[in-house]
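Enquirer: What the sequence shown shows, in the numbering used here, is residues -18 to 533, in sequence order. Ideal placement from N, C-alpha and C gives every residue a C-beta, glycine not left out. It should be emphasised that the depicted structure is a prediction, and the values quoted were computed from it without experimental measurement. The following block contains the structure, expressed as structure tokens.
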Amino acid sequence: MPIEITVFKGPATTMSQRRKPWLSAASLGAIAIVATANEARAQVVVNYGNPAYLEGQHGADGAAGKDNRQNNTCGTGPGGNGATGPTANNGGNALTYAPANATATRSGSIAIIGSRGGAGGHGGNDIYDDGCVYSGGNGGNGGNGGVVNLTINPGANQPAGGYTTSSTGILVYTYGGNGGTGGNTRRKTFSGGNGGLGGNAGFISFANNVSLNITGGSTAFGIVAQSGGGLGGEGGFADNGNKNSSGGSGLPGGNGGDIYINNTGAIRTNGGMGIVAQSIGGFGGNAGTSVNGYGGGGGYGGNAGLIGLANYGAITVGSAAVRDCESSGLSGCNPVSIAAIAAQSVGGGGGGGFGGGGGRGGMPAQVVGEGKGVVKFFNGQKGFGFIVRDDGGEDVFVHISAVEQAGLTGLAEGQQLGFTLVDRGGKVSATDLVIDGEPLPVTDRGPPREPREPRAGGFGAAPGGFGGGAERGGPQRQLTGERSSGTVKFFNAMKGFGFIQRDDGQPDAFVHISAVERAGMAALNEGDRLDFELEVDRRGKYAAVNLQTKAD
């Protein structure tokens, strides 16, 4: 029968542990802290050596945004946005481990197989304090880690005691890429750029039928499976001395994925754990600071996934114990026992606020209701706003993370919305946003202010449209004149958006339900082939409009 897994949890004892609760596994990844409820144990390096099988499907990092270095003119706009890191390919397949000399001791792992999304590019900086009102560029989102589906079978001559190695036997991983850091600004009144979203990790499905004899001591484990969300990007800072400026917001960390392990092989170690399964949410990005203004908001920590582990093999751990060195006041380190099986599902910590709102740690959000309403205001620079509820209840807070997770770049005042009300630690906010009707053009506006004299604009002193407010005229989206084709990558009919993978290899195009309905379609399905025109917004993000079914 499958054994019941105990989940170990406990506090991190140092700042580095709180921020990055991973143990080093050289350049390929890491192992999270294993702790009981009352003690945190020392981190150890995982020894894996040169593997017999190595497959790493890693996405490239997104390009950094271009710095705006022009001085004494306002013609170049804000610092450029960082590019999104690409999603990594899936990894894994069925492997048969059959060394020529089955009884020999090898120094490297049997297999290291995994996937990692690319990191988001950093936002460009806005360098000069020349009186313009430009912000730092936003960091790019981290790419998602791929799915890893792996089975390892023994060769015909597997020794009775298992294949022997002095390294960790098998490492399987999937990691989301880290979000890019928001760009900094020195402009008079604007803000640092927001960070990028941490990429989500994929799920792991792993079956092991190989018996292992691990001789490498406390740093060599039997099987390690890790699914970790990327860190949320940190907000850029505003170094301009203006009380109306703000630091950029840190964005949420990525979610850890589900892990399913089925082990039939016998595992013997000499002090290392037998099987370790870890799903860990990425930490939310820290908020950017402002010299005299407001700090941005810290990003939420990512949620962790489920872990299912069925073990049918005998697991024996030896006496070379991990040493507990958590207290510098001890003259020596006391040996502690080691677990045969450890499973961890740990949400990421929220990013620091530094004068703004700190992010919340990863935790299950409690749904408390559904609602509809109208956007009262939304400040894209500071990353938050409020919705007036149709039922007359208190205004609902909405964070930039909920907006971007709905596939939107911002919210327009007066926009009709449907949303889910969630309670996190006693504070209610809106999530799962759905545009009700036609999306309104977005302008980056802050909270309502007292009436004041009109400012120059239009044809005059500052860039903008024809009206009295600089920087607010003209369309927020415009057609590029380019026609393209592609395949629907995914479409969420409930949330009303999706993405199309373009045939020309350019970044995926966002598609909104309004464009689908205007084309006479009820929804889109994965794999649908489409022709479309491209529309670009002020952030350089492309959307598909004027859709037509493509007959290949």
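Determine, using beta carbons only, whether F102 and G157 come nearer to each other than 9 Å.
Expert: It is worth fixing the name first, because residue 102 is Gly in this sequence and not Phe. No, the pair does not count as a contact, with Cβ atoms beyond the cut-off.
Enquirer: Can you tell me the Cα-Cα spacing of S318 and G262, whole angstroms?
Expert: Low confidence applies here, because S318 scores a pLDDT of 49, under 50, leaving its location unreliable and the question unanswered by this model.
Enquirer: With H, G and I counted as helix, E and B as strand and the rest as coil, what does DSSP make of I204?
Expert: It is a strand residue.
Enquirer: Under a Cβ-count criterion, where at least 16 other Cβ atoms within 10 Å of its own Cβ denotes burial, should S410 be classed as buried or exposed?
Expert: buried
Enquirer: How long is the line joining the alpha carbons of V205 and A79, rounded to whole angstroms?
Expert: Taking C-alpha positions only, V205 is separated from A79 by approximately 21 Å.
Enquirer: Report the three-state DSSP secondary structure of S495 (helix, strand or coil).
Expert: helix
Enquirer: Roughly how many angstroms separate the alpha carbons of G283 and G329, rounded to a whole number?
Expert: 5 Å
Enquirer: If I'm right that S88 touches S147 with Cβ under 8 Å, what's the distance once you round it to whole angstroms?
Expert: 5 Å
Enquirer: In whole angstroms, what is the alpha-carbon distance linking V492 and N506?
Expert: For V492 and N506, the gap between their C-alpha atoms comes out near 12 Å.
Enquirer: Quick one, are the C-beta atoms of A323 and V257 less than 9 Å apart?
Expert: yes
Enquirer: How many Å lie between N190 and Q259 at the Cα?
Expert: 20 Å
Enquirer: Could you tell me how far apart the beta carbons of I185 and I240 are, in whole angstroms, since I believe they sit closer than 8 Å?
Expert: 5 Å
Enquirer: Using three-state DSSP, classify Q386 as helix, strand or coil.
Expert: Reduced to three states, the DSSP call for Q386 is helix.
Enquirer: Which value, in whole angstroms, describes the spacing of the CA atoms of L528 and G286?
Expert: 36 Å
Enquirer: Does DSSP put I242 in a helix, a strand or coil?
Expert: strand
Enquirer: If you follow the beta strand (DSSP E) that T145 is part of, which residue opens it and which one closes it?
Expert: Counting along the chain, T145 sits inside the beta strand (DSSP E) bounded by residues 144 to 146.
Enquirer: May I ask you to report which of helix, strand or coil DSSP gives I467?
Expert: This sequence places Gly at residue 467; Ile is not what is there. The answer is strand: DSSP assigns G467 an E or B state.
Enquirer: Considering only the alpha carbon of each residue, which of Q396, G253, F187 lies closest to G299?
Expert: Selected option, being the one with the closest Cα: G253.
Enquirer: With distances taken Cα to Cα, identify the nearest neighbour of I133 among I94, D42, R510.
Expert: I94
Enquirer: Looking only at its own chain, which residues have a Cβ that is under 7 Å from the Cβ of G477, when we skip the five neighbours before and after it?
Expert: Sequence-distant Cβ neighbours of G477 in its own chain, meaning closer than 7 Å and more than five residues away, are V415, I416, H493, I494.
Enquirer: Taking C-alpha atoms, which residue in R483, V469, D485 lies nearest to A504?
Expert: Selected option, being the one with the closest Cα: V469.
Enquirer: For R249, count the other beta carbons within 10 Å of its own beta carbon; 16 or more makes it buried, fewer makes it exposed. Which is it?
Expert: Buried.
Enquirer: Looking only at DSSP bridge pairs, what is D404 linked to?
Expert: Paired residue(s): Q347, V409.
Enquirer: Using only alpha-carbon positions, find the residue among L131, L389, F218, G118 that is nearest to T75.
Expert: What sits at residue 75 in the sequence shown is Ala, not Thr. If we check each option's Cα against that of A75, L131 comes out closest.
Enquirer: For S90 versus H39, is the C-beta distance shorter than 9 Å?
Expert: No, these two residues do not count as a Cβ contact at 9 Å.
Enquirer: According to the Cβ coordinates, are G120 and G161 closer than 9 Å?
Expert: yes
Enquirer: Do you know how far the Cα of E385 is from the Cα of P428?
Expert: Confidence at P428 is low in this model, with a pLDDT of 41, below 50, so the placement of that residue should be treated as unreliable; the coordinate-derived value is given next. When rounded, the distance between both Cα atoms is 20 Å.
Enquirer: Could you work out which residue in I368, N159, F480 is closest to F541 when comparing CA atoms only?
Expert: What the structure shows of the chain is the stretch from -18 to 533, and residue 541 is not part of that stretch, so it cannot be assessed.
Enquirer: Taking 6 Å as the limit between beta carbons, can you name the residues of its chain near G280, skipping five residues before and five after?
Expert: These residues qualify, in order along the chain: G213, G231, L232, P233, G265, G266, G332, G340.
Enquirer: Going straight from the alpha carbon of G211 to that of G99, what length do you get?
Expert: 10 Å
Enquirer: Given this structure, state the Cα-to-Cα distance separating I288 from Q459, to the nearest angstrom.
Expert: Between the alpha carbons of I288 and Q459 lies a gap of roughly 46 Å.
Enquirer: Could you check how far apart the C-beta atoms of G462 and L511 are, in whole angstroms? I think they sit under 8 Å.
Expert: The pair is not a contact, with the Cβ atoms about 18 Å apart (cut-off 8 Å).
Enquirer: Counting C-beta neighbours from all protein chains within 10 Å, is the total for D567 16 or more, i.e. buried, or is it exposed?
Expert: For the chain, the structure presents residues -18 to 533; residue 567 sits outside this window and is missing.
Enquirer: For Y523, is the classification buried or exposed, using 16 other Cβ atoms within 10 angstroms of its Cβ as the cut-off for buried?
Expert: With 16 or more other Cβ atoms from the protein chains shown falling within 10 Å of its own Cβ, Y523 counts as buried.
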